[in-house]
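A short write-up of the structure that comes next.
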Ligand SMILES: Cc1ncc(COP(=O)(O)O)c(C=O)c1O
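In my numbering, the protein residues as written are 105 to 565.
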């Protein structure tokens, strides 16, 4: 019997939750069923997902930001089909293939002039691991400074730079010589770097967990402090890069020139795992300093040709469809359309972010029954209120969003960068409706019913 994908999917379609529960992470399956998010998606196109019943969902999560070009972009699909059909001599390993060189060239061309070299890898966390290693070797120092609330991935080195206790708990001891400073606090950074023994300050231009921004003036000072103390400035652009914030790299908003940049997520348009660490010639030459050290840092799949083709095709579409400026314009449209909701709904305290990385910050109204209800929900679990937004956005309006971090009332939007006016309107109308119900008190019951129904379904199943 030959492999028949369509038949396999058809024959086994009823098994997906059971397989995850039995063989993979059962708690993920449990959360999804409890909240009623366990839809069977069968197709994705542009900004939308489609389930087995033909229902359409607006995807404002875009696979945690990988589908910058939307799902199933025809140019990417064609490029990957072409690459497979060409029987390319993939991963010979003992060679210098053309495609990785071309993608390196295209990435360097988009960075500032101090960035001259590219190291490919397979994910965001590996790009950060590379940054840690290269910064240590280049400076001869071992200490790394990171920020409270930071997220740089979950492999052991990146986890050592994680600013949230929950992620770290039970996995220690992590990398020695790492320490956190409050994000945006220049005095704390000055103190942390003052002994001139820190290899790198690793920082997200906008923090993904909670969508936190530092004051504009922080960045120039932070860059100057790094320069003065011989610390390499690492901009982790895994989430903020590739146009997400309305500039190709988010550090461009602040006029700084990091020594190392990490990218991943949208680089392959969502099709093939890929990551890259970009650095100066000087940094790279400290690692690959002699012929004996040609292989001291690499990974088997890192320059695989499907990832490289997807990366090149993605960057071509970025140019052809003016993706970065589109993200900026749609970001402004979101900002304008959401501003009246902040005025009208006392539960929506703030909208923050840049471009299409948007945080909606919720909090208690100043007085009245809605304030009491908010406090009652938060007494059960800090940050629970944001689920009262995310769950009905999904069930009533079929819009997929996410809570921005544990224990905070921030809902994060990471729409595909090809989203436009229709998607802005659909989301803003839906949020308006959900917030109205939150003020009226209907939401707690509605979400309670969803959870109860799902729990009963799970027990019966
Ligand atoms: C800023 C940042 N760095 C690193 C990572 C880790 O990337 P990956 O999940 O591909 O390992 C993420 C993932 O969300 C991220 O947002």
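Think of the CB as a built atom: it goes at the ideal place given N, C-alpha and C, for glycine as much as any other residue.
heavy atom of ligand 1 below 7 Å from residue i C-beta
| i | result |
| --- | --- |
| residue 463 | no |
| residue 343 | yes |
| residue 264 | no |
| residue 256 | yes |
| residue 569 | Missing from the structure shown is residue 569; the chain here goes from 105 to 565 and no further. |
| residue 260 | no |
| residue 548 | no |
| residue 229 | yes |
| residue 268 | no |
| residue 353 | no |
| residue 340 | yes |
| residue 275 | no |
| residue 312 | yes |
| residue 271 | no |
| residue 308 | yes |
| residue 368 | yes |
| residue 168 | yes |
| residue 391 | no |
| residue 376 | no |
| residue 507 | no |
| residue 232 | yes |
Among the options, nearest to residue i - alpha-carbon criterion
| i | options | result |
| --- | --- | --- |
| residue 550 | 116, 111, 114, 140 | 140 |
| residue 100 | 374, 106, 553, 305 | The question about residue 100 has no answer, for the chain in this structure spans 105 to 565. |
| residue 256 | 517, 281, 343, 463 | 343 |
| residue 226 | 171, 368, 329, 210 | 368 |
| residue 178 | 319, 425, 220 | 425 |
| residue 336 | 317, 312, 361, 357 | 361 |
| residue 435 | 221, 366, 531 | 531 |
| residue 243 | 302, 417, 444 | 302 |
| residue 447 | 469, 458, 430 | 469 |
| residue 125 | 134, 118, 117 | 134 |
| residue 457 | 503, 517, 487 | 517 |
| residue 92 | 415, 514, 506 | In the structure displayed, the chain extends from 105 to 565; residue 92 sits before or after that span and is not available. |
| residue 544 | 477, 488, 553 | 477 |
| residue 219 | 537, 388, 539, 299 | 388 |
| residue 408 | 326, 194, 186, 495 | 194 |
| residue 176 | 399, 152, 211 | 152 |
| residue 507 | 187, 260, 464 | 464 |
| residue 169 | 330, 538, 521 | 521 |
| residue 451 | 221, 238, 538, 246 | 538 |
| residue 162 | 503, 432, 352 | 503 |
| residue 198 | 119, 399, 268, 116 | 399 |
| residue 330 | 554, 123, 292 | 292 |
Span of the alpha helix (DSSP H) around residue i
| i | result |
| --- | --- |
| residue 385 | 385-391 |
| residue 327 | 320-333 |
| residue 538 | 525-544 |
| residue 418 | 409-424 |
| residue 197 | Note, residue 197: premise wrong, no alpha helix (DSSP H); not H, not E. |
| residue 111 | 109-115 |
Status (buried if at least 16 other CB within 10 Å, exposed otherwise) for residue i
| i | result |
| --- | --- |
| residue 546 | exposed |
| residue 280 | exposed |
| residue 81 | No answer is possible for residue 81: the residues shown for the chain start at 105 and end at 565. |
| residue 251 | buried |
| residue 363 | buried |
| residue 394 | exposed |
| residue 283 | exposed |
| residue 454 | exposed |
| residue 377 | buried |
| residue 309 | buried |
| residue 346 | buried |
| residue 397 | exposed |
| residue 157 | exposed |
Residue interval of the beta strand (DSSP E) (run including residue i)
| i | result |
| --- | --- |
| residue 75 | Only positions 105 to 565 of the chain appear in this structure, which leaves residue 75 out of reach. |
| residue 517 | 514-517 |
Proximity test, Cβ basis, 8 Å: residue i and chain B
| i | result |
| --- | --- |
| residue 199 | Here there is only one protein chain, and chain B is not present. |
Item to complete: Could I get the ranges of all uninterrupted beta strand (DSSP E) runs contained in the region 120-190, with 3 residues as the minimum, in chain order?
Response: DSSP runs (the beta strand (DSSP E)) wholly in the region 120-190: 145-149, 152-155, 160-163.
Discussion item. Suppose only complete runs of 4+ residues qualify. What are the alpha helix (DSSP H) ranges in the region 426-506, listed by chain order?
Written reply: Entirely contained in the region 426-506, the alpha helix (DSSP H) runs reaching 4 residues are, in chain order, 427-448, 473-484, 489-501.
Worksheet item: Going along the chain, which unbroken runs of the beta strand (DSSP E) with 3 or more residues stay wholly within the region 336-395?
Response: Runs of the beta strand (DSSP E) spanning 3 or more residues and lying entirely within the region 336-395 occur at 336-340, 364-367, 379-383, in chain order.
Fill in: Every unbroken alpha helix (DSSP H) inside the region 233-314 [4 residues or more]
The qualifying runs are 260-263, 269-272, 290-297.
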